[in-house]
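Visitor:
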Amino acid sequence: MSTASTPSNSAAITTTLAVQIQQPGGPEQMALVSLPVGEPGPGQVRIAHHAIGLNYIDVYQRTGLYPLPLPLTLGMEGAGVVEAVGEGVTHLAVGDRVAYAANPPGSYSQRRVMPAMNVCRLPDGISFETGAAMMLKGLTAQYLLKRCRPTEGLEAGDFVLFHAAAGGVGLIVCQWAKALGLRLIATAGSDEKCRLAIENGAEFAINYRTENFTARVKDITAGQGVKVVYDGVGKDTWDGSLDCLRPFGLMVSFGNASGPVPAFAPGMLGPKGSLYVTRQTLFSHITSRERTQAMADELFAVVQSGAVNIRIDQRFALADVQAAHRSLEARQTTGCTVLLP
Ligand code: NDP
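Count along the sequence shown from 1, add 125, and you get the number used in our numbering.
1. Name the residue from A432, V377, A455 whose alpha carbon lies nearest to the alpha carbon of V285.
2. State the Cα-Cα distance for the pair T141 and P165, rounded to the nearest angstrom.
3. Counting along the chain, where does the alpha helix (DSSP H) carrying M420 start and finish?
4. Sorry if obvious, but does the Cβ on Q349 come closer than 7 Å to a heavy atom of the ligand NDP?
5. Residues bridged to R334 by DSSP?
6. For G282, count neighbouring C-beta atoms within 10 Å of its own C-beta (all shown protein chains included) and say buried if the count is 16 or more, exposed if not.
7. Tell me where the beta strand (DSSP E) around Q186 begins and ends.
8. Thinking C-alpha only, which one of P149, M201, A209, Q145 is nearest G163?
9. Beta carbon of F287: closer than 7 Å to some heavy atom of the ligand NDP?
10. With C369 as the anchor, note down where its alpha helix (DSSP H) starts and where it stops.
11. How is the beta strand (DSSP E) around I411 delimited, first residue to last?
12. Assuming contact is defined by CB atoms lying nearer than 8 Å, are E328 and R308 in contact in what I supplied?
13. Would you kindly check if the distance between the Cβ of P149 and the Cβ of Q447 is under 8 Å?
14. Which of the three DSSP states is assigned to Q148 in this structure?
15. In whole angstroms, what is the alpha-carbon distance linking G314 and C461?
16. Could you tell me the alpha carbon to alpha carbon distance between V358 and A444, rounded to whole angstroms?
17. From T339, V238, V158, A382, pick the residue whose C-alpha is nearest to that of E454; which is it?
18. Taking only three categories from DSSP, how would you classify P167?
19. Here's a check: name, in chain order, each residue in its chain whose Cβ is nearer than 6 Å to the Cβ of F379, leaving out the five neighbours to either side.
20. Just tell me which of H216, R436, Q457 has its CA closest to the CA of Q418.
21. Identify the continuous beta strand (DSSP E) that holds L307 and give its terminal residues.
22. Locate the beta strand (DSSP E) running through F287, then write down its first and last residues.
23. Cutting at 6 Å between CB atoms, please list the residues of its own chain near T362, excluding the five before and the five after it.
24. With distances taken between CB atoms, is the gap from R222 to L261 smaller than 8 Å?
25. Can you name the residues that DSSP bridges to P240?
26. Can you look up K352 in the DSSP assignment and give me helix, strand or coil?
27. Under the rule that 16 or more other beta-carbon atoms within 10 Å means buried, what is K360, buried or exposed?
28. In terms of DSSP beta bridges, what is F441 paired with?
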């Protein structure tokens, strides 16, 4: 066997710093550890991260709400440079600038080996930080607005309601919805966050800590209700959200920032206007390379056109990941947050 078959760019790389949990729990469970990192196998690449995206799903995985095998390196989103390419990977080459939202977790690291399927080349005009901030949240905004359609259609001029609109997914959706001509009613947890949602394209904003959002939505829509509610808050907003929908409206549940939605009887959807309910996850939408790239191309285009600006309001060193999680869970963040390895 000749040593010449070992790629020269990767021969010296054997370990990486990464954020791991040994058991589910609070932010204190996350520790920076040194882990081995090897060569990519078939269908895989090795990426050196330049920036890492923070997402609420990282909290669910850390707490065990979404149980995963342990020990677990967290993180579903990142951007960096391809260092090595495994057999059969044709869409990426060593040296490519890339970004991704992908399973399995592992982006809270300096470098990692991972499946190449969801890894996309980053256009030249988009920075690593923007790439790391926008892939999971932006692809989510894409499928929420483009693929979660009420049976009665969704057109410019229609009202929709989006909860926690000043957050990472929220500020992207506010801008994209405006570009599509939708009349977005935002909710958020402070007057300052409401202002931010309006500045980013929401037509109305309701502070749901001080106002009854259901009554306000009825008021704004002259008693009609909205065609779609996008609800990533979960437990606290579920009941009120159903009462914001017009007949045949669509309830899109996609998160549980306040806790999981409790069990409910489908029979209650009839008297409220024969409503539709769906529980969505990005990972049902990016199951093929082609689908992922098509969604990413749409996201890149809307960002490059200037219609959607990816706001990064918080930056933390990867070593300060506990503080980043505390801030996210305490509702202190707005827009996107990145971790820097
Ligand atoms: P955000 O930046 O939006 O942060 C979460 C926000 O939720 C907070 O800032 C806060 O905003 C609001 N919130 C309401 N109640 C609570 C509470 N009790 N505790 C903490 N936060 C609360 O996070 P992301 O942009 O990362 O994600 C938004 C939601 O979308 C999450 O539920 C996430 O899991 C979900 N998601 C789902 C995906 C999917 O495909 N299913 C993909 C991506 C995200 P405020 O103070 O304004 O109320």
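Positions of the beta carbon are idealized from the N, C-alpha and C atoms, including for glycine. All values reported here derive from a predicted model rather than from experimental measurement.
Guide: The relevant details are as follows:
1. Among A432, V377, A455, the Cα nearest to that of V285 belongs to V377.
2. If you take the alpha carbons of T141 and P165, they lie about 14 Å apart.
3. Per DSSP, M420 belongs to the alpha helix (DSSP H) from 414 to 429.
4. Checking the Cβ of Q349 against the ligand NDP gives no.
5. Residue pairing from DSSP leaves R334 without any beta-bridge partner.
6. By the neighbour-count definition (other C-beta atoms within 10 Å, threshold 16), G282 is an exposed residue.
7. Counting along the chain, Q186 falls outside any beta strand (DSSP E), though it belongs to the alpha helix (DSSP H) covering 181 to 188.
8. Nearest C-alpha to G163 among P149, M201, A209, Q145: A209.
9. Not so, every heavy atom of the ligand NDP lies at least 7 Å from the Cβ.
10. No alpha helix (DSSP H) contains C369, which DSSP labels as neither H nor E.
11. Counted as a single uninterrupted DSSP element, the stretch harbouring I411 is not any beta strand (DSSP E), since DSSP gives it neither H nor E.
12. For E328 and R308, yes; Cβs fall inside 8 Å.
13. Result no, Cβ atoms of Q447 and P149 do not sit closer than 8 Å.
14. For Q148, the secondary structure class from DSSP, reduced to helix, strand or coil, is coil.
15. Near 16 Å, if we compare the C-alpha coordinates of C461 and G314.
16. About 28 Å.
17. Taking only the C-alpha atoms, the option nearest E454 is A382.
18. For P167, the secondary structure class from DSSP, reduced to helix, strand or coil, is coil.
19. So the list reads G357, Q405, once near-sequence residues are dropped.
20. Ranking the options by Cα distance to Q418, first place goes to H216.
21. That residue, L307, is in no beta strand (DSSP E); it is neither H nor E in DSSP.
22. F287 -> beta strand (DSSP E) spans 284 to 287.
23. Answer for T362: H288, D356, listed in chain order.
24. The answer is no: Cβ separation not under 8 Å.
25. Paired residue(s): Q169.
26. Of the three classes helix, strand and coil, the one that applies to K352 here is strand, per DSSP.
27. Exposed: under 16 other Cβ atoms inside 10 Å.
28. Answer by DSSP bridge pairing, in chain order: L464.
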